[in-house]
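This report concerns only the one structure given below.
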Amino acid sequence: MRIWAFDYVHTESVSLPYWRAKMAVTWHGIWYEIMRSKLLQELLLIPKGGQLAEPTAELHEAMLRLVEEIRFFRSYTQHICISSSAGEVLMNIYQLPQRNVHVILNGVDETKFTQYQEAGARFREKHAVPSNASIVMGVAGRLVRDKGHPLLYEAFSSIVRRHPSVFLLVAGAGPWRRRYAELGPNVKILGALEPFELSQFYNALDVFVNPTLRPQGLDLTLIEAMHTGKPSFVEALELAIRDGSSVLKRKGLACKKYVVSMFAATKMASAYERF
Numbered sequence: 405m406r407i408w409a410f411d412y413v414h415t416e417s418v419s420l421p422y423w424r425a426k427m428a429v430t431w432h433g434i435w436y437e438i439m440r441s442k443l444l445q446e447l448l449l450i451p452k453g454g455q456l457a458e459p460t461a462e463l464h465e466a467m468l469r470l471v472e473e474i475r476f477f478r479s480y481t482q483h484i485c486i487s488s489s490a491g492e493v494l495m496n497i498y499q500l501p502q503r504n505v506h507v508i509l510n511g512v513d514e515t516k517f518t519q520y521q522e523a524g525a526r527f528r529e530k531h532a533v534p535s536n537a538s539i540v541m542g543v544a545g546r547l548v549r550d551k552g553h554p555l556l557y558e559a560f561s562s563i564v565r566r567h568p569s570v571f572l573l574v575a576g577a578g579p580w581r582r583r584y585a586e587l588g589p590n591v592k593i594l595g596a597l598e599p600f601e602l603s604q605f606y607n608a609l610d611v612f613v614n615p616t617l618r619p620q621g622l623d624l625t626l627i628e629a630m631h632t633g634k635p636s637f638v639e640a641l642e643l644a645i646r647d648g649s650s651v652l653k654r655k656g657l658a659c660k661k662y663v664v665s666m667f668a669a670t671k672m673a674s675a676y677e678r679f
């Protein structure tokens with residue numbers, strides 16, 4: 405930093421002291437979203453017929469951090485969001501002027517995440533996915549609570565009892581690996597995949613599932629899966645089973661058409677250059 409006279413510095417921390425350049429800061433989750441996530445997780449823990457207990461210390465802290473962050477954000481001139489909903493939060497909750505809030509959508513490398521049916525078939529064979537599986541679902545990411553794995557575990561436990569030919573591929577590492585193993589032969593736990601394996605993984609699926617409770621603007625795994633022509637579900641998994649593989653393929657093509665037009669790395673780079 406002392407050697408090079410940078411015009412711009414990109415950091416994930418506003419505490420970086422560098423006064424000779426304009427600074428661009430990436431925000432990975434704002435406290436408004438964190439507070440919503442913590443509240444939702446508390447509500448999900450309430451037993452049927454029970455009542456909401458006193459807010460936890462974590463929720464109290466999130467409220468205080470939110471107020472502090474709202475004041476802090478106003479000291480920045482321009483704000484770039486990765487979704488329209490995130491922009492609305494900054495304008496409506498954080499009360500930032502519309503002229504200072506800009507939306508630039510995330511994108512992924514469309515040359516790496518492509519639709520390739522043969523690669524998916526080889527991946528299924530390699531990982532012993534039953535040839536008679538009616539629907540192959542998949543989830544990717546860290547296997548932790550705030551990624552929504554308790555919800556998916558409970559939902560798939562119920563689904564597989566009613567639809568015994570449904571199969572689930574789980575890509576990732578974490579404490580929920582042991583719980584998924586309890587679900588028996590209808591689940592295959594792959595562990596953490598190398599980047600080059602992810603496209604093959606997505607191509608092996610009929611539908612990608614993202615049950616996350618974590619505060620985030622837009623999960624890249626959703627975009628990656630859609631680039632390979634897979635429909636993505638965040639809820640209503642039973643509907644995917646009713647649709648069947650042929651309908652899911654048609655929906656996947658619609659997802660691919662949409663995501664290529666909106667969430668490509670080349671489009672994102674061009675938008676930042678114009679900004």
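Using this note's numbering, the first residue of the sequence shown is number 405, and each one after it goes up by one.
We put the beta carbon where it would ideally sit given N, CA and C, even for glycine.
Computed from a predicted structure; not experimentally measured.
Taken in chain order, the whole alpha helix (DSSP H) runs of length 4 or more contained in the segment 475–499 are 488–496. Leaving aside the five residues that flank residue 542 on each side, the residues in its chain whose CB is nearer than 6 Å to its CB run, in chain order, 573, 609, 612. Remark: three or more beta-carbon pairs, one from each stretch, lie closer than 8 Å, so the segment 542–553 and the segment 567–587 are flagged as touching.
For residue 591, the pairing in a beta bridge is given by DSSP as 572. If you draw a straight line from the Cα of residue 489 to the Cα of residue 552, it comes to about 21 Å. Between residue 622 and residue 441 the beta-carbon gap is near 15 Å, outside 8 Å, which marks them as no contact. In the displayed model, residue 508 falls within coil according to three-state DSSP, outside both helix and strand. When the five nearest sequence neighbours on each side are left out, the beta carbons in the same chain lying within less than 7 Å of the beta carbon of residue 556 are those of 543, 613, 615, in order along the chain. In the DSSP assignment, residue 669 falls within the alpha helix (DSSP H) that extends over 669–678. Taking all protein chains shown into account, residue 479 has fewer than 16 neighbouring C-beta atoms within 10 Å of its C-beta and is therefore exposed. Cβ neighbours of residue 536 within its own chain (closer than 7 Å, five residues either side excluded): 569. Here residue 612 is bridged, per DSSP, to 542, 636. Here residue 633 really is in contact with residue 660; their C-beta atoms are around 4 Å apart, less than 8 Å. Residue 599 carries a helical assignment under DSSP once its states are collapsed to helix, strand and coil. The shortest C-alpha to C-alpha distance from residue 582 to any of 547, 518, 597 is the one to 547. A check of alpha carbon separations from residue 477 across 522, 491, 567 identifies 491 as the nearest.
If you check the CB distance, residue 604 and residue 527 come in under 8 Å. For residue 631, the enclosing alpha helix (DSSP H) begins and ends at 624–631.
Excluding residues up to 5 positions away in sequence, 504, 506 lie with their Cβ nearer than 7 Å to the Cβ of residue 482 in the same chain. The beta carbons of residue 494 and residue 500 sit closer together than 8 Å. Judged by beta-carbon spacing, residue 624 lies within the 8 Å limit of residue 512, meaning their Cβ atoms are closer than that value. When secondary structure is reduced to three states using DSSP, residue 517 falls in the coil class, being assigned neither helix nor strand. Around the Cβ of residue 635, a 10 Å sphere holds 16 or more other Cβ atoms; the residue is buried. For residue 566, the enclosing alpha helix (DSSP H) begins and ends at 553–566. Of all alpha-carbon atoms in 589, 579, 462, the one lying nearest the alpha-carbon of residue 561 is that of 589.
Between residue 466 and residue 435, the C-beta gap is smaller than 8 Å, which places the two residues in contact. Excluding the 5 residues flanking it on each side, residue 532 has same chain C-beta neighbours closer than 8 Å at 592, in chain order.
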